[in-house]
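In full-length UniProt numbering, the protein residues as written are 1 to 430.
Where is the CB? At the ideal position from N, CA and C, for every residue including glycine.
Presented below is the structure to which this report refers.
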Amino acid sequence: MGANIFITEETVDGDDDGPLAGTTVAVKDNISTEGVRTTCGSAMLEDYVPPYDATVVERLKEAGATIVGKTNMDEFGMGGTTETSAFGPTENPVDRERVPGGSSGGSAAAVAAGEADVALGTDTGGSVRNPAAFCGVVGIKPTYGLVSRYGLVAYANSLEQVGPIGSTVEDAAALLDVVSGADERDATTRFDQSTDAHPAEGSNYAAAADGDVDGLTVGVITDLLDGADDRVVETFEDAVSDLESRGAEVTEVSLESLEHAVQAYYVIAMSEASSNLARYDGVRYGLSTGTDGNWNETYAETREEGFGAEVKRRILLGTYALSAGYHDKYYKKAQDARAWIKQDFDAAFEEADVLATPTMPVLPPKLGESLSDPLQLYLMDANTVPVNLANLPAISVPAGEAEGLPVGLQLIGPKFGEETMIRAASAVER
Numbered sequence: 001m002g003a004n005i006f007i008t009e010e011t012v013d014g015d016d017d018g019p020l021a022g023t024t025v026a027v028k029d030n031i032s033t034e035g036v037r038t039t040c041g042s043a044m045l046e047d048y049v050p051p052y053d054a055t056v057v058e059r060l061k062e063a064g065a066t067i068v069g070k071t072n073m074d075e076f077g078m079g080g081t082t083e084t085s086a087f088g089p090t091e092n093p094v095d096r097e098r099v100p101g102g103s104s105g106g107s108a109a110a111v112a113a114g115e116a117d118v119a120l121g122t123d124t125g126g127s128v129r130n131p132a133a134f135c136g137v138v139g140i141k142p143t144y145g146l147v148s149r150y151g152l153v154a155y156a157n158s159l160e161q162v163g164p165i166g167s168t169v170e171d172a173a174a175l176l177d178v179v180s181g182a183d184e185r186d187a188t189t190r191f192d193q194s195t196d197a198h199p200a201e202g203s204n205y206a207a208a209a210d211g212d213v214d215g216l217t218v219g220v221i222t223d224l225l226d227g228a229d230d231r232v233v234e235t236f237e238d239a240v241s242d243l244e245s246r247g248a249e250v251t252e253v254s255l256e257s258l259e260h261a262v263q264a265y266y267v268i269a270m271s272e273a274s275s276n277l278a279r280y281d282g283v284r285y286g287l288s289t290g291t292d293g294n295w296n297e298t299y300a301e302t303r304e305e306g307f308g309a310e311v312k313r314r315i316l317l318g319t320y321a322l323s324a325g326y327h328d329k330y331y332k333k334a335q336d337a338r339a340w341i342k343q344d345f346d347a348a349f350e351e352a353d354v355l356a357t358p359t360m361p362v363l364p365p366k367l368g369e370s371l372s373d374p375l376q377l378y379l380m381d382a383n384t385v386p387v388n389l390a391n392l393p394a395i396s397v398p399a400g401e402a403e404g405l406p407v408g409l410q411l412i413g414p415k416f417g418e419e420t421m422i423r424a425a426s427a428v429e430r
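Put into structure tokens, the structure is as follows:
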């Protein structure tokens with residue numbers, strides 16, 4: 001449809017049968033695909049072709065899925081609009097003059113435009129939920145450790161998870177059933193010590209999408225409504241009222257720590273990014289400028305040419321936060337704030353089964369509107385980054401429209417509480 005959804009369009013067939021036989025899947029371009037280039041939306045990796053599949057891609061093939069291409073994304077996952085891609089911005093299928101969200105904007109747009117039945121994205125601070133909300137589809141950020149990260153090109157290791165996108169809650173949940181589970185190649189895939197099993201074992205996420213919220217307590221996080229667009233809040237509140245009419249009990253909760261979430265998230269994410277992206281030196285793989293001279297000059301010129309402005313900004317800020325003189329002032333304080341946020345969520349789940357917020361505090365901006373103001377772009381993540389800091393699961397489900405544009409409702413579950421969260425989300429879409 002000409003919306004710049006894919007970076008590489010290439011069909012990869014899976015096994016002849018399986019739960020996803022006949023299903024087309026789009027894969028975000030930071031997830032390794034054997035023999036198919038994986039660019040991360042960056043000139044640095046424009047011609048990089050992985051020699052192996054990520055675990056989630058292996059599981060897609062084994063389940064019978066047909067991969068239809070690698071989707072556009074913000075460069076290395078750094079952005080919320082899919083405008084920082086070296087391959088140009090993706091347009092929102094709902095309104096071609098607006099952003100699809102990011103960084104998994106191509107994946108959400110592929111599902112919204114009917115270019116794929118379902119898609120895989122990655123979520124570091126909202127990068128599955130944000131574009132799902134802006135494109136009017138469903139996106140799940142799983143609990144950290146539910147899905148293998150093996151084969152994912154790292155941005156911020158302690159925050160990111162691979163997550164499914166679908167046109168319905170059940171579709172997204174069925175994809176989660178396929179890709180979740182333990183992986184001996186990824187130590188972050190968790191085992192429940194009491195049962196010596198991975199939490200995905202014995203779970204059926206698609207079956208949980210039954211819409212039954214009778215007796216479920218939904219806690220509305222009031223702290224995340226204050227700065228949101230009035231049109232978004234109104235649509236969100238209507239959806240919450242509908243949940244209440246279906247038998248859910250609605251209560252208000254407050255998490256004081258969330259006022260520090262955006263600052264803490266960006267210090268931690270940028271710090272981890274500055275370390276992860278140090279490997280792109282123009283020598284081992286990736287872009288090579290062919291510069292003659294000493295190694296330092298080659299390294300500097302490669303990174304100057306290979307990285308875009310937003311990636312450079314985050315590397316610089318992350319390096320600064322980790323420097324000897326500022327480590328305690330920034331990085332340590334950010335980790336302290338992260339611990340506080342986790343404690344606040346634990347307390348909130350003593351009052352509610354799931355927590356609810358608008359997924360995004362604003363409607364989808366127009367293309368080019370937010371690039372000139374990085375701070376406003378970062379503040380757009382206020383409702384999504386706390387989930388990653390606390391390593392919790394969350395889902396964005398369409399709550400309705402405001403002025404013809406999609407509004408997403410975010411439901412947050414306790415650690416490995418995907419089934420309850422999916423059940424509540426499926427009631428929203430009914």
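- Message: Is the separation between the beta-carbon of A348 and that of G219 shorter than 8 Å?
- Response: yes
- Message: Considering Cα atoms alone, identify which of P89, S107, L120 is closest to A54.
- Response: L120
- Might you give, ordered along the chain, the residues of its own chain that have their beta carbon closer than 7 Å to the beta carbon of T124, omitting 5 neighbours on each side? G77, Y155, A156, L159, E160, A269, N388
- Item | Residues sharing a beta bridge with A356, DSSP | V220, L411
- List in chain order: all unbroken alpha helix (DSSP H) runs of 4+ residues lying wholly within the segment 332-406. Here the runs fully enclosed are 333-348, 374-379, 385-389.
- Query: Whose C-alpha, out of D373, N383, A394, is nearest the C-alpha of D353?
  - Reply: A394
- Message: Give me, in chain order, the residues of the same chain whose beta-carbon lies closer than 7 Å to that of Y150; leave out the 5 immediate sequence neighbours on both sides.
- Response: A54, T55, D183, R185, D186
- With contact counted as at least three CB pairs below 8 Å, one residue from each stretch, are the segment 253-264 and the segment 297-304 in contact? no
- Tell me whether the beta-carbon of V99 lies closer than 8 Å to the beta-carbon of G106. G106 sits away from V99, with the two beta carbons spaced by 8 Å or more.
- Message: Am I right that V213 and A248 are in contact with their C-beta atoms under 8 Å? What's the rounded C-beta distance?
- Response: 4 Å
- Message: Here's the rule I'm using: 16 or more other beta-carbon atoms within 10 Å means buried, otherwise exposed. How should S205 be labelled?
- Response: It is Tyr, not Ser, that sits at residue 205 in the sequence shown. It is buried - the Cβ of Y205 has at least 16 other Cβ atoms within 10 Å.
- Query: Leaving out the 5 sequence neighbours to the left and right, which residues in its chain are closer than 7 Å to A112 when beta-carbon positions are compared?
  - Reply: P93, V94, C135, G136, V137
- So the alpha helix (DSSP H) V169 belongs to, where does it begin and stop? That run of the alpha helix (DSSP H) goes 169-179.
- Message: Using a Cβ-Cβ cutoff of less than 7 Å, which residues in the same chain neighbour Q376 once the five nearest sequence positions on both sides are dropped?
- Response: S370
- Message: Checking the sheet assignment: what are the DSSP bridge partners for N92?
- Response: D95
- What residue range is occupied by the uninterrupted beta strand (DSSP E) comprising G125? Per DSSP, G125 belongs to no beta strand (DSSP E) and is neither H nor E.
- Query: Can you tell me whether DSSP reads P142 as helix, strand or coil?
  - Reply: Correct three-state label for P142: coil.
- Alpha-carbon to alpha-carbon, L317 and G325: 13 Å
- Message: Between the alpha carbons of A228 and N383, how many angstroms are there, rounded?
- Response: 9 Å
- Task: Give the secondary structure of E160 by DSSP, where H, G and I count as helix, E and B as strand, and everything else as coil.
- Result: coil
- Report yes if the CB atom of V232 is closer than 8 Å to the CB atom of P358, and no otherwise. yes
- Message: Just to check my reading of the structure: T82 and T90 have Cβ atoms closer than 8 Å, yes? What is that Cβ distance to the nearest angstrom?
- Response: 4 Å
- Query: When we look at the beta-carbon of K141 and count the other beta-carbons within 10 Å, is it buried (16 or more) or exposed?
  - Reply: buried
- Query: Which residue or residues does DSSP assign as beta-bridge partners of G69?
  - Reply: DSSP, once it has assigned bridges, lists A26 as partnering G69.
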